[in-house]
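Participant: Each residue of the sequence shown is one higher than the one before, starting from 6 at the first, in the working numbering. The C-beta atom is built at its ideal place from N, Cα and C for all residues, glycine as well.
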Amino acid sequence: MTLREKIIHESLKLFSLKGYSNTSIEDILAQTHSSKGGLYNYFKSKDDLFLAVLSEARKIWRVKVLDGVNQSESSLAKMKRLLENYGDRYLKDSENIPGGCVFVTLLVELDDQRPDFAQEIGEGFSRAQAMMTRFLDDAKAAGELNPEVNTDAVSQVLFTGMLGTSVLYGKDKSAEVLDKSIAALLEYLDSLAVSGAGGTS
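(1) Quick check: the Cα distance between A57 and I13, rounded to an integer number of angstroms?
(2) Using only the alpha-carbon positions, how far apart do K49 and K41 sit?
(3) Taking only the alpha-carbon atoms, compute the straight-line gap between K83 and S77 and give it to the nearest angstrom.
(4) In the structure shown, what three-state DSSP assignment does A198 receive?
(5) Exposed or buried, G169, counting other C-beta atoms within 10 Å across all chains shown (16 or more means buried)?
(6) Taking the beta carbon of V159 as the centre, do at least 16 other beta carbons fall within 10 Å, making it buried, or is it exposed?
(7) If you reduce the DSSP assignment to three classes, tell me which class L150 lands in.
(8) Specify the secondary structure class of D72 as computed by DSSP and reduced to three states.
(9) Please work out which residues of its chain come closer than 7 Å, Cβ to Cβ, to Y95, disregarding the five sequence neighbours upstream and downstream, and give them in chain order.
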């Protein structure tokens, strides 16, 4: 790992635990055993570092949450795999995000303080939910979901549930609570499926 990569990695961990404003440059230097000169050699400012951290956080989200999704046997199975991955592979990733979902942490913190950063994060949320809606639309078109299902509404319920799960898990890191929350979302999705069309992830 290069020094630049280490600074991004450790900053991501700190942001997930303490937020952006409460993480000082000194915190980052102490965590990376670097100097100000070393840090500013790669990043012009803390804001510049934030954007690099956000880019890395998005890559981690894609790797963790989308693992195996495209290999799932059906559109409904893709949606299930995404939900399972979100809990098991993403939120439980204490190596990269020990404080829980960094996007939720930062969006809540920065909404008033830095609306430009909050907008960047919010756009990522919109893209993620749009992808979930596509999976549900495809599942409905394939006859896997009941024809009266409103896929936009279901996507909203599932996405909101994922965010709520993240908040609960970030509070006490209870794997039991996390597993139950994800199981409840999967059960809700199953309740909308045509009999025998549940699919496996």
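Facilitator: Taking the geometry as given:
(1) 7 Å
(2) 11 Å
(3) 5 Å
(4) strand
(5) exposed
(6) buried
(7) strand
(8) coil
(9) W66, K69 and V70
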